Amino acid sequence: MQSSEIVIERIDEVYVDKRVDKVVSEILEIPRNQVQNYIKDGFIKVCSRFISKSYKLKYGDCLSIIIPPPKNNKIEPNDAPIKILFEDEDVVVVEKPAGIVVHPGAACEDVSVVSALKYRGVRLSSIGAPLRGGVVHRIDKDTSGVIVLAKNDRAHFFLAKQFFEHSIERRYIGVVGCHLKQNSGEIDKPIGRHPKNRKLFAVVENGKEAITFYKLLKRLENYDVVMFKLQTGRTHQIRVHMKYLGCPLVGDATYGGVLKEIKRQALHAFVLGFRHPWSGKFLKFYSKLPEDMRVLIGG
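See below:
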């Protein structure tokens, strides 16, 4: 596999006065020290000039990023019951069932969306490889629904940039274990690592901006069916925000949800919309509620 180059011809205002290593790390979701090594090795330049890791971007800067090929490929192909909703030369849109991770992580899962796509012969981008090649966003292992992966580095960067700029449309349906005080609203509370348990997340004063919009869809005897729209995409964002409101998702043992009717958090990513990396056309994909959630809400 050869190196690939990504070029941003003109830096947008949203990136101005931000450190280049931080911007590239957040857009591509790769470790900051890895980005700093790219800069040290001359793989990242501004207006064809070598830069330091602390360089702050200016409006109009031209940023070029060379992605070296991964040193190895540890992902073994494994089949999994994913469904491909759309595929072309640039992207693949997948419907993921609950119980499968998007990519292997610290738990070293053998079966993932990435390994299942490899099993089907789908070639993904080299960014994040070998474990996270093609992954521009994630949903939790026990959350079901639709995600998009990139098949080449140009598409990866184009999609990742949309997620970074919050221009992606993401809607979820969830069931919460109480009745909401308001039928709709906005939760604008920062999220970061839990101060006492680093494996969890929480609303914390010095966390990253996190904004969730919600709307009541159906009121059940003990629960509410809610539609969520994400403005940002922090880890466990909906789960953490609903715990903060005192209404954790049904089945979410991690954040205090009741466990009687469903064996995982009742959360499903049912809408995903984004601009295509090549055509620029806005595409929108839908995923039907899985059976366990249909049974839960009586639909």
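Using our numbering, read the sequence shown as starting at 1 and increasing by one per residue. Note that CB positions come from ideal geometry on N, CA and C, so glycine has one too. Please read these numbers as outputs of a predicted model, since none were measured by experiment.
- THR143 sits in coil when the DSSP states are folded into three classes, being neither helix nor strand.
- By the neighbour-count criterion, in which 16 or more other beta carbons inside 10 Å mark a residue as buried, GLU186 falls on the exposed side.
- With the rule of 3 Cβ pairs closer than 8 Å, the segment 270-287 counts as touching the segment 144-156.
- PRO190 places its beta carbon 7 Å or farther from that of GLY177.
- In terms of Cα proximity to GLN265, the closest of SER126, PRO97, ASP188 is PRO97.
- Note that the C-beta distance between ILE44 and ILE65 is below 7 Å.
- Between SER115 and ILE75, the beta carbon gap of about 5 Å places them in contact (Cβ cut-off 8 Å).
- Nearest to SER279 by alpha-carbon distance, out of VAL16, GLU26, ASP90, ILE82, is ASP90.
- About 5 Å separates the beta carbons of VAL20 and TYR55, which is inside the 8 Å limit, making them a contact pair.
- Here ARG123 is exposed, its C-beta having fewer than 16 other C-beta atoms within 10 Å.
- Annotation for TYR172: the continuous beta strand (DSSP E) segment containing it runs 169-176.
- With contacts defined by Cβ atoms closer than 7 Å, HIS268 and SER112 do not form a contacting pair.
- Within the same chain, and ignoring the five residues on either side of PHE270 in sequence, the residues whose Cβ sits closer than 8 Å to its Cβ are GLY145, VAL146, ARG171, TYR172, ILE173, TYR286, SER287, LYS288, LEU289.
- Collapsing the DSSP output to three states places ARG154 in a helix.
- Judged by their CB atoms, ASP252 and ARG234 are not nearer to each other than the 7 Å cut-off.
- With a threshold of 16 other beta carbon atoms within 10 Å, CYS247 meets it and is buried.
- Between THR232 and GLU165, the alpha-carbon positions lie close to 9 Å from each other.
- Here DSSP, grouped into helix, strand and coil, assigns ILE11 to coil.
- Linking GLY99 to ILE297 through their CA atoms gives a straight-line distance of about 20 Å.
- DSSP places LEU200 in the coil class of the three-state scheme, outside both helix and strand.
- For the pair ILE82 and GLU95, the Cα-to-Cα distance works out to about 6 Å.
- Where HIS241 is concerned, the enclosing alpha helix (DSSP H) starts and stops at 237-244.
- The criterion of a C-beta distance shorter than 7 Å is satisfied by TYR119 and ASP79.
- Leaving aside the five residues that flank ALA160 on each side, the residues in its chain whose CB is nearer than 6 Å to its CB run, in chain order, ILE27, LEU28, VAL136.
- Residue pairing of GLU291 in beta bridges, as defined by DSSP: absent, with no partner found.
- The bridge partners DSSP lists for ASP188 are ILE211.
- Here ALA269 carries a strand assignment [DSSP, helix/strand/coil].
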